[in-house]
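Below is one structure, written out as structure tokens, with a few remarks after it.
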Amino acid sequence: MARIELDKLRKEFGRSVVAVKDLSLTIEDGEFLVMVGPSGCGKTTTLRMIAGFEDPSSGEIRMDGNPVNELEPGDRNLGMVFQSHALFPHKTVAQNIEFGPRMQKVDLETRRRRVREVAAMVRISHLLDKMPGQCSGGESQRVALARTLITEPDTFLLDEPLSSLDAKLRREMRAEVDRLHQELRKTFIYVTHDQEEAMTLADRIVVMRAGEIEQVGTPLEIYSDPVSLFVADFFGSPSMNLIPGRIENEAGSAVFAGERTTIALPPAFAGAAPGPGTLGIRPEHLAIGGQGDIVEKIHLVEPLGKDTLLYFDYGGEQDLIAVVDGVSTWRAGTELGVRFTPEHLFLFGEDGRRIARAH
Ligand code: ATP
Numbered sequence: 007m008a009r010i011e012l013d014k015l016r017k018e019f020g021r022s023v024v025a026v027k028d029l030s031l032t033i034e035d036g037e038f039l040v041m042v043g044p045s046g047c048g049k050t051t052t053l054r055m056i057a058g059f060e061d062p063s064s065g066e067i068r069m070d071g072n073p074v075n076e077l078e079p080g081d082r083n084l085g086m087v088f089q090s091h092a093l094f095p096h097k098t099v100a101q102n103i104e105f106g107p108r109m110q111k112v113d114l115e116t117r118r119r120r121v122r123e124v125a126a127m128v129r130i131s132h133l134l135d136k137m138p139g140q141c142s143g144g145e146s147q148r149v150a151l152a153r154t155l156i157t158e159p160d161t162f163l164l165d166e167p168l169s170s171l172d173a174k175l176r177r178e179m180r181a182e183v184d185r186l187h188q189e190l191r192k193t194f195i196y197v198t199h200d201q202e203e204a205m206t207l208a209d210r211i212v213v214m215r216a217g218e219i220e221q222v223g224t225p226l227e228i229y230s231d232p233v234s235l236f237v238a239d240f241f242g243s244p245s246m247n248l249i250p251g252r253i254e255n256e257a258g259s260a261v262f263a264g265e266r267t268t269i270a271l272p273p274a275f276a277g278a279a280p281g282p283g284t285l286g287i288r289p290e291h292l293a294i295g296g297q298g299d300i301v302e303k304i305h306l307v308e309p310l311g312k313d314t315l316l317y318f319d320y321g322g323e324q325d326l327i328a329v330v331d332g333v334s335t336w337r338a339g340t341e342l343g344v345r346f347t348p349e350h351l352f353l354f355g356e357d358g359r360r361i362a363r364a365h
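When the letters of the sequence shown are read in order and numbered with this note's numbering, they come out as residues 7 to 365.
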């Protein structure tokens, strides 16, 4: 069992830096929770406080209902995996993996059996007699995982464990981490600044911004129901098209007036208050061809194989990006109608908060 509660957790460094601001969150037993956000938002500091490497300035951490603020890291039954795997270079892979149990004076036979078991789990049985220097980046990260697995922690804390790997390996290892979680059903807390990693791994995502939680939700909730411009812009690749302008609302018929176009807002936004705002629509929801809300010229066609990105000039530095299935036959220079599918529009107020639709 490992249910972790963070209760108004705060961390200040010196007088001026508040890295984590009174953060409250419950991580359920067996959950895969991903903390995501830009550099400096306080993810690592939060994880380090859970691990016991950093003392909170205030607030409480409870594990299965018991306060653990005063417990040493070694007494919290946690396993940590970091970006840098820091293996002992002069020990074999097997000796690296069995290091923890050996320190705990576990007998040789049990240690050997456990090394074989965890090596098989992360598929490195063939590497046990090699030295770390003979392993690739992905293999080394598997060794680091095995070294943590062998200690049988209740909770795994992973801090950007894949960020030093190249894109292909990262995807492979991501699948591996996912499989391990499904097999072990332990609590995983995973820190990353990579939105794709967060979307694919998490049961729940915590989006952090400047030491605070901006939104908590399932990957689908975060993607389809972002509470703010910050979240909307952070998730999705390519990111959401965001158009600055004004909400105008006369006699219950609301329109969005951008610098170059005015777009009628669907009835669900009839109650939106007039004022500065931002209109958002994801690239997959721009409908291309036919009679659009606007007619724009394609200035770049980017084929990705499975789909194609079309970049439209949209005044100044702003592009409007649409994604269409398959290999597109459109060419740069073509003028096309672009429609903002009304049911997929997002509207954000001047404060960056999402303006809710009326249902
Ligand atoms: P990154 O992805 O870059 O690691 P992060 O979201 O994990 O970022 P933290 O490392 O938790 O962010 O840092 C949060 C804030 O606290 C930052 O402003 C950072 O500079 C500051 N900070 C972190 N550790 C210390 C420290 N030991 N002393 C002073 N300031 C610190």
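All C-beta atoms, glycine included, are put in the ideal place defined by N, C-alpha and C. It should be emphasised that the depicted structure is a prediction, and the values quoted were computed from it without experimental measurement.
- In the three-state DSSP reduction, N75 falls in the coil class, being neither helix nor strand.
- With the criterion CB distance below 6 Å from any heavy atom of the ligand ATP, the matching residues run F19, V23, A25, G43, S45, G46, C47, G48, K49, T50, T51 and H199 along the chain.
- In the structure shown, the three-state DSSP call for R54 is helix.
- Cβ-Cβ distances below 6 Å link D135 to T98 in the same chain, with the five nearest sequence neighbours on each side left out; the list follows chain order.
- Distances from the CA of T157 to each of F59, E220 and F105 were compared; the closest alpha carbon is that of F105.
- Straight across, the Cα-Cα distance linking D313 with I294 is about 14 Å.
- R9 and D70 do touch by the CB rule: their CB atoms are close to 5 Å apart, below 8 Å.
- Assignment of beta strand (DSSP E) within the region 102-186, counting only whole runs of 3 or more residues, yields 161-165 in chain order.
- In its chain, beyond the 5 residues on either side, A208, D209, R210 and I211 have a beta carbon closer than 8 Å to the beta carbon of T224.
- Of the other Cβ atoms in all chains shown, 16 or more fall within 10 Å of the Cβ of S146; this residue is therefore buried.
- D209 has no beta-bridge partner at all, per DSSP.
- According to the DSSP secondary-structure assignment, S64 is paired through a beta bridge with R16.
- Its chain contains I253, A260, V261, F262, A278, P348, L351 and L353 as the residues whose beta carbon lies nearer than 8 Å to that of L271, once the 5 sequence neighbours on both sides are disregarded; these appear in chain order.
- In the structure shown, the three-state DSSP call for Y317 is strand.
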